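Please read the structure below before turning to the comments.
Residue numbers (the working numbering), protein chains in the order written: chain A, 10 to 379; chain B, 31 to 506.
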């Protein structure tokens, strides 16, 4: 019995050394990285949630976050410096990482995200975005009572409804892409009309920002990848506009062929869709041929867009942002091992054939028979 | 002690008895005259135990006895025939007489005879059979045991008429000898088990028991465990099903609680309802009970570790809410939790001790005043009150009260471990409890085995209740 008591007392020796009460921590939800005015320093902005407090009635107008900005040579030093201003930082809940364009032009991306990746508190599932404006401004911009980080974090969920957003890039994905091929696209955040908006994207190649894309490019890139999950194809027939809503992807097949050093990529995707809007007065949706015609028009539109983006990728950015390298890696491992250094050139010279098969399975709750 | 034989003369006997029972004011001497034989009889008994209507009948019978001509019978035959229904034995020493009187028996001495008769005219003081108060069921028998062993065994015999149901009785105790009954089905309960139970009871024969709870502690496998290793019940249906499973039931005169051994943890989490309701409902409730057992022990601990050690594991919004509720609370989560858990335990204890009408007031004071006021005064966070409420409610779902008590106590252990080591400590405590449970035995049967080891049921019965299969007779 005496020994048992001794045993029970042992844990008390350790004390509660890791204990840190939740209300004494700074919960970081968003982090922004800018270049500092001081030379060779980066500026770190941390968005920290402030507990709503007990008596809600009194502080209803109170903002529920605060931003802490510090400058230092390295990120970790900056985080530690921020402790001079605020409670111990807890990055477990960090949802987004915003990186300013200028930073990426100057400093390799791998270096920028290095600390976050190394640190096992920051989750690899945290999302990375690019900003044109200083991240400090972005993180201060939100409607009353909203937290900018959360606004951005929630906007990315709309990827199921629109194809003008890139599939969200997590910190983990960014890190692994930087490790392997080194080229990918990264969604950008902007302020438009005083509101936060997902607009445009940046092209990262070899850890550097090599170009910018607009929303149209993003849409086309999504089509090329076959990563469209929803959204609208907008085009015209009989001189009037109509739109088709993407429903489900049925198949995606990407075949790569090698002739010497010349690469041919055949991309074939199939989607079901519904006719969601049609301005043509004499529509006849009950007739299959009418729908087939619409399908063809929409397919043509997508093909044109894809051709444009392929041209842009091959000649302007000269890099395979679309992640097509994985197919080459899988289908021609030997070739990839030898020539992966030259991937950008190979991609730029490659023939890319794109085939889309759209099937309108539904025209909603209204149709005409004229 | 030297034994003195009874006198033939009634007056002498009476004098002698009176001198023996000098101090006892509740011993009553009643004389009866038997006119047919011109003799006197003497009844001696303890006042409070007498069943007067039965006594009157015998007195009437004796005093009205006439000698029939033709077939004259002796006085012994006459008395024997009149008292045969209540006669237990004949005695011939004063020591025996003394013993029998205080056992609640009535003695009858006849003038001119050297033997006395022991009559059982005892009227047992019992309450009526009522619904068991500690183990209520919604559906199922509403009968519970009472304090009379005789009646309780009668109840069991009434439902189980099988001749292989063995009831072994013996007296235990030194000052107050009480009947102890060992009940089992011959052929169902293993020889080893019966031998083991008998040995353990023999070891504590000299103790006076007021309740089976005292016996339980003396015959269990180990005292250094928070868990009851013997199941107790007030319900005859539970006892009967235990008997059918091949377990041994122990009852003591004066206690409405029967002990059932051996016991496993899964048995303590089964309620008779499970078998009386449909199997889907039964299974659902059974799983719910396992879940609530976990909650009652670990929820406060998990709260402590999440709030003060691993806030990263909380969803962001929840983390914010918790931080908000805790903002003005002066205590660390552990102290906060201890305050609230102790308060609620105090309230529960107070509620049991107080008479029923006041008990409700205590509940009101506890729930409304302390809960609400403590939050408003920023002594504890509102979330802590919710957690305490949940742990308390879940602790009520354990069908066996004494088993629930064990988990209520363990909750504090979990809280201490969590406060020192965070989630790691909570996990450690979980492992510790599981480790202890798997080491524990009940009458040398593993306590933690997830099955009814003796009966035909399989492990499937542990967590869910599968549909019943039609079975043949239980006894071969």
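Each residue gets a CB set at the ideal place from its N, CA and C atoms; glycine is no exception.
These numbers come from a predicted model, not from an experiment.
Query: Which residue marks the beginning of the alpha helix (DSSP H) containing residue 54 of chain A, and which one marks its end?; Result: Run containing residue 54 of chain A: none in the alpha helix (DSSP H); it sits in the beta strand (DSSP E), 51-58.
Query: With distances taken between CB atoms, is the gap from residue 251 of chain A to residue 289 of chain A smaller than 8 angstroms?; Result: yes
Query: Name the two residues that bound the continuous alpha helix (DSSP H) containing residue 153 of chain B.; Result: Neither: residue 153 of chain B is in no alpha helix (DSSP H) and is coded neither H nor E.
Query: CA-CA distance, residue 132 of chain B and residue 76 of chain B?; Result: 7 angstroms
Query: Against residue 21 of chain A, what residues of chain B qualify as contacts under a CB-to-CB distance less than 8 angstroms, listed in chain order?; Result: 450
Query: 8 angstroms is my cut-off, CB to CB: does residue 362 of chain B come that close to chain A?; Result: yes
Query: When you compare only the Cα positions, how much space is there between residue 122 of chain A and residue 181 of chain A?; Result: 10 angstroms
Query: Run down chain A in chain order and give the residues with a C-beta less than 7 angstroms from the C-beta of residue 441 of chain B.; Result: In chain order: nothing, as chain A lies at least about 16 angstroms away.
Query: Can you list, in chain order, the residues of its chain whose CB lies under 8 angstroms from that of residue 439 of chain B, leaving out five sequence neighbours each side?; Result: 256
Query: Compute the distance between the beta-carbons of residue 99 of chain A and residue 35 of chain A, then report whether it is under 8 angstroms.; Result: yes
Query: Taking 6 angstroms as the limit between beta carbons, can you name the residues of its chain near residue 177 of chain A, skipping five residues before and five after?; Result: 136 and 165
Query: Whole angstroms are fine: how far does the CA of residue 152 of chain A sit from the CA of residue 70 of chain A?; Result: Only weak support exists for where residue 70 of chain A lies, its pLDDT of 47 falling under 50; the value from the coordinates is given anyway. Residue 70 of chain A and residue 152 of chain A: Cα-Cα distance of roughly 11 angstroms.
Query: Less than 7 angstroms between C-beta atoms, sequence neighbours within five positions excluded: which residues of the same chain meet that for residue 45 of chain A?; Result: 51, 52 and 80
Query: Along chain A, in chain order, which residues have C-beta atoms closer than 8 angstroms to that of residue 338 of chain B?; Result: 25, 28, 29, 30 and 31
Query: Comparing alpha-carbon positions, which option in B:108, B:82 and B:66 lies nearest residue 27 of chain B?; Result: Nothing in the structure corresponds to residue 27 of chain B, since chain B is present only between 31 and 506.
Query: Just list the residues that DSSP pairs residue 275 of chain A with in beta bridges.; Result: A:264 and A:362
Query: Starting from the beta carbon of residue 346 of chain B, find every residue of chain A whose beta carbon is closer than 8 angstroms, and list them in chain order.; Result: 36, 38, 58, 102 and 104
Query: Cα separation between residue 482 of chain B and residue 297 of chain B?; Result: A caution first: residue 482 of chain B carries a pLDDT of 48, below 50, which makes its placement in the model unreliable, though a value can still be read off. Roughly 8 angstroms between the two C-alpha positions.
Query: Would you call the region 356-366 of chain A and the region 320-335 of chain A in contact, with 3 or more CB pairs under 8 angstroms?; Result: yes
Query: Please name the residue or residues paired with residue 373 of chain B in a DSSP beta bridge.; Result: None; residue 373 of chain B has no bridge partner.
Query: Would you kindly work out how many angstroms separate the C-alpha atoms of residue 134 of chain A and residue 38 of chain A, rounded to a whole number?; Result: 13 angstroms
Query: Just to check my reading of the structure: residue 123 of chain B and residue 35 of chain B have Cβ atoms closer than 8 angstroms, yes? What is that Cβ distance to the nearest angstrom?; Result: 6 angstroms
Query: By DSSP, does residue 213 of chain A sit in helix, in strand, or in coil?; Result: strand
Query: Counting along the chain, where does the beta strand (DSSP E) carrying residue 35 of chain A start and finish?; Result: 34-44
Query: Taking only beta-carbon positions, decide if residue 297 of chain B is within less than 8 angstroms of chain A.; Result: no
Query: Taking the beta carbon of residue 403 of chain B as the centre, do at least 16 other beta carbons fall within 10 Å, making it buried, or is it exposed?; Result: exposed
Query: Could you please tell me which residues of the region 250-277 of chain A, in chain order, have their CB closer than 9 angstroms to any CB of chain B?; Result: none
Query: Should the region 298-305 of chain A be called in touch with the region 244-261 of chain A, which here means at least 3 C-beta pairs below 8 angstroms?; Result: yes
Query: Interface residues of chain B around residue 99 of chain A at Cβ under 7 angstroms?; Result: 341 and 342
Query: Within 8 angstroms, do at least three Cβ pairs link the region 167-183 of chain B to the region 287-302 of chain B?; Result: yes
Query: Checking the sheet assignment: what are the DSSP bridge partners for residue 117 of chain B?; Result: B:149
Query: Does any residue of chain A bring its CB to less than 8 angstroms from the CB of residue 350 of chain B?; Result: yes
Query: Examine the Cβ distances between the region 200-208 of chain A and the region 255-267 of chain A and report whether three or more of them are shorter than 8 angstroms.; Result: no
Query: Roughly how many whole angstroms lie between the Cα atoms of residue 495 of chain B and residue 312 of chain B?; Result: 6 angstroms
Query: Quick one: grab the DSSP three-state call for residue 348 of chain A.; Result: helix
Query: Please report the straight-line C-alpha distance between residue 125 of chain A and residue 162 of chain A, rounded to a whole angstrom.; Result: 18 angstroms
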